[in-house]
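Trainee:
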């Protein structure tokens, strides 16, 4: 309907740092519109940055624009017929005269952080009043969900490089092992998959042998800590230690002298079973039995007559 005029009250803020995030859906072929107001109740209106259009007049599917920002007219794109995130961060720390903001659509900055919160003529707002979701016509149709507004900025960068931002639901964007859909590690008190349940049963995979790998990480025997992806392959034992589905493959290191140590284990002479890490050292024979890099020596004392 043309008369729909929903208003989101942002509290007429004049100081502090404030973050607004919500998910938005515009059906294919439909239009949407909203604007930012300097005060709520709106009264005669104070259009701070002009108008924010999505598919204006139905002539630009997947395209939008903000028409009176501090940077003038700025165009952007959005995924038509899909849910997408919208983030606005407002920095009013120095008051309204020096206020700045960030406007981000679907993970892309329309206006980067630090953009003056004014119109193109530099006119400042009375306050951070509210948002007016006004229906411009019968083709106007949008849906809003998961709205969050409060003190502090909302992150739009992927700080840990795991492919998810805070906007995408990353509940710890400083740890690359924590993101929506990550493998849950049991018993550590951490919600790896960001579903608000710590150590939940369905997604929880334990590292039974504590070798640093779970079955989800490719551990082909999670009851043996010597078996995991990248482990040293031991020849002739019929076991696939490195979990590459090849028994005794090219990565195989033999214990030639059968002293229980291979060169990978630090055996400095794998052709002599008396030489290995921790072996008993025989002094003054010129041989490094314990593989510590040197032979031991005994002291010789001379008596004077």
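Numbering (our numbering), first residue to last: 54 to 358. C-beta: ideal position from N, C-alpha, C; glycine also. As the structure is a computational prediction, the values presented were derived from the model and not from experiment.
#1: Per DSSP, residue 201 is paired with what?
#2: How is the beta strand (DSSP E) around residue 90 delimited, first residue to last?
#3: So, at 8 Å on beta carbons, what are the nonlocal neighbours of residue 54 in its own chain, with the 5 sequence-adjacent residues on each side left out?
#4: Identify, in the order they occur along the chain, each residue of the same chain with its Cβ nearer than 8 Å to the Cβ of residue 340, setting aside the five sequence neighbours on each side.
#5: Which one of 137, 171, 126 and 160 has the shortest CA to CA distance from residue 148?
#6: Could you check which residue in 244, 320, 247 and 143 has the C-alpha nearest to that of residue 72?
#7: Three-state secondary structure (DSSP) at residue 317?
#8: In angstroms, rounded to a whole number, what distance separates the CA positions of residue 227 and residue 251?
#9: Taking only the alpha-carbon atoms, compute the straight-line gap between residue 243 and residue 263 and give it to the nearest angstrom.
#10: Taking DSSP's pairing of strands, which residues face residue 155 in a bridge?
#11: What is the DSSP secondary structure of residue 270, reduced to helix, strand or coil?
#12: Can you name the start and end residues of the beta strand (DSSP E) that residue 59 belongs to?
#13: Just to confirm the assignment, what range does the beta strand (DSSP E) spanning residue 120 have?
#14: What's the gap between the Cα of residue 196 and the Cα of residue 84?
#15: Short of 8 Å in beta carbon distance, which residues of its chain neighbour residue 265, apart from the five on each side in sequence? Order them along the chain.
#16: Can you round the beta-carbon distance between residue 91 and residue 179 to whole angstroms, since I take them to be within the 8 Å contact cut?
#17: Spatial neighbours of residue 311 within its chain, please: C-beta separation below 7 Å, excluding the five flanking residues on both sides.
#18: Can you tell me whether DSSP reads residue 150 as helix, strand or coil?
#19: Less than 6 Å between C-beta atoms, sequence neighbours within five positions excluded: which residues of the same chain meet that for residue 173?
#20: Rounded to whole angstroms, what is the Cα-Cα separation between residue 336 and residue 307?
#21: Do you know how far the Cα of residue 324 is from the Cα of residue 284?
#22: If residue 86 and residue 106 are in contact, beta carbons under 8 Å, what's the gap, nearest whole angstrom?
#23: Rounding to the nearest angstrom, what Cα-Cα distance links residue 297 and residue 81 in this structure?
#24: Once the 5 residues before and after residue 358 are set aside, which same chain residues still bring their CB inside 7 Å of it?
#25: How should residue 272 be labelled, buried or exposed, when 16 other C-beta atoms within 10 angstroms of its C-beta is the threshold for buried?
#26: Run the CB neighbour count on residue 152, radius 10 Å, all protein chains shown included, and call it buried at 16 or more, exposed below.
#27: Straight-line CA distance for residue 356 to residue 317?
#28: Beta-carbon separation of residue 300 and residue 292 under 8 Å?
#29: Do residue 230 and residue 245 count as a contact pair if the criterion is CB distance below 8 Å?
#30: Using the three-state DSSP reduction, which class does residue 69 fall into: helix, strand or coil?
#31: Ignoring anything shorter than 3 residues, give me the beta strand (DSSP E) runs that lie fully in the stretch 223 to 309, in order along the chain.
#32: Taking residue 166 as part of the beta strand (DSSP E), name the residues at either end of that continuous run.
Mentor: Answer, in terms of the structure:
#1: Sequence index remark: in the chain shown, residue 201 carries index 148 (1-based). Residue 201 pairs with 74.
#2: Within the chain shown, the letter at position 37 stands for residue 90. In the DSSP assignment, residue 90 falls within the beta strand (DSSP E) that extends over 85 to 90.
#3: Here residue 54 corresponds to residue number 1 of the chain shown, with the count starting at 1. Confidence in residue 54 is poor, its pLDDT being 45 and thus under 50, which makes the residue's placement unreliable; the coordinate value appears in the next sentence. Contacts found: 188 and 191.
#4: Reading the chain shown from its first residue, position 287 is the one you call residue 340. For residue 340, where only same-chain residues beyond five positions count, the Cβ hits under 8 Å are 328 and 348.
#5: On the chain shown, residue 148 is found 95 positions in, with the first residue counted as 1. Comparing Cα-Cα distances from residue 148 to each of 137, 171, 126 and 160, the minimum goes to 171.
#6: The sequence position of residue 72 within the chain shown is 19, counting from 1. The residue with the shortest Cα to Cα distance from residue 72 is 143.
#7: In the chain shown, the residue the question calls residue 317 occupies position 264. Looking at residue 317 - three-state DSSP - the assignment turns out to be helix.
#8: Within the chain shown, numbered from 1, the residue matching residue 227 stands at position 174. Within the chain shown, numbered from 1, the residue matching residue 251 stands at position 198. Computed Cα separation, rounded: 18 Å.
#9: Within the chain shown, numbered from 1, the residue matching residue 243 stands at position 190. Within the chain shown, numbered from 1, the residue matching residue 263 stands at position 210. Residue 243 and residue 263: Cα-Cα distance of roughly 17 Å.
#10: Start at 1 with the first residue of the chain shown, and residue 155 comes out as number 102. DSSP lists 142 as partners of residue 155.
#11: Locating residue 270 in the chain shown gives position 217, where the first residue counts as 1. Reduced to three states, the DSSP call for residue 270 is helix.
#12: Here residue 59 refers to the residue found at position 6 when the chain shown is read from its first residue. 58 to 66 is the span of the beta strand (DSSP E), which, as asked, contains residue 59.
#13: Translated into positions along the chain shown, residue 120 becomes position 67. Unbroken beta strand (DSSP E) run through residue 120: 116 to 122.
#14: On the chain shown, position 143 is the one that residue 196 refers to. On the chain shown, position 31 is the one that residue 84 refers to. Each residue's alpha carbon lies about 11 Å from the other.
#15: Numbered from its first residue, the chain shown carries residue 265 at position 212. The answer, listed in chain order, is 281.
#16: Residue mapping note: residue 91 aligns to position 38 of the chain shown, counting from 1. Residue mapping note: residue 179 aligns to position 126 of the chain shown, counting from 1. Rounded, the Cβ-Cβ distance is 4 Å, consistent with contact.
#17: Taking the chain shown and counting its residues from 1, one reaches residue 311 at position 258. So the list reads 326, once near-sequence residues are dropped.
#18: In the chain shown, residue 150 corresponds to position 97, counting from 1. It is helical.
#19: For this step, residue 173 is matched to residue 120 along the chain shown. If we look at residue 173 and ignore the five residues flanking it on each side, its Cβ neighbours are 121 and 125.
#20: Here residue 336 is taken as the residue at index 283 of the chain shown, counted from 1. Here residue 307 is taken as the residue at index 254 of the chain shown, counted from 1. The straight-line gap from Cα to Cα measures roughly 29 Å.
#21: Residue 284 sits at position 231 when you count from the first residue of the chain shown. Residue 324 sits at position 271 when you count from the first residue of the chain shown. Straight-line Cα distance between these residues: approximately 23 Å.
#22: In the chain shown, residue 86 corresponds to position 33, counting from 1. In the chain shown, residue 106 corresponds to position 53, counting from 1. Yes, they are in contact, since the Cβ atoms of residue 86 and residue 106 sit about 6 Å apart, within 8 Å.
#23: Counting from 1 along the chain shown, the entry for residue 297 is found at position 244. Counting from 1 along the chain shown, the entry for residue 81 is found at position 28. Rounded to the nearest angstrom, the two C-alpha atoms are 47 Å apart.
#24: Residue numbering aside, residue 358 sits at position 305 when the chain shown is read from its first letter. Its pLDDT being 45, under 50, residue 358 is placed unreliably by the model, and nothing is read from it.
#25: By 1-based counting over the chain shown, the position of residue 272 is 219. Its Cβ being crowded by 16 or more others within 10 Å, residue 272 is buried.
#26: Stepping through the chain shown from its first residue, residue 152 is reached at position 99. Answer is buried; the Cβ neighbour count reaches 16.
#27: Here residue 356 refers to the residue found at position 303 of the chain shown. Here residue 317 refers to the residue found at position 264 of the chain shown. Low confidence applies here, because residue 356 scores a pLDDT of 46, under 50, leaving its location unreliable; read the following figure in that light. Computed Cα separation, rounded: 47 Å.
#28: Here residue 300 refers to the residue found at position 247 when the chain shown is read from its first residue. Here residue 292 refers to the residue found at position 239 when the chain shown is read from its first residue. Taking 8 Å as the Cβ cut-off, residue 300 and residue 292 qualify as a contacting pair.
#29: Within the chain shown, the letter at position 192 stands for residue 245. Within the chain shown, the letter at position 177 stands for residue 230. Yes, they are a contact pair.
#30: Along the chain shown, read from residue 1 onward, the residue named residue 69 stands at position 16. In this structure, residue 69 counts as strand in the three-state DSSP scheme.
#31: none
#32: Taking the chain shown and counting its residues from 1, one reaches residue 166 at position 113. Residue 166 -> beta strand (DSSP E) spans 161 to 169.
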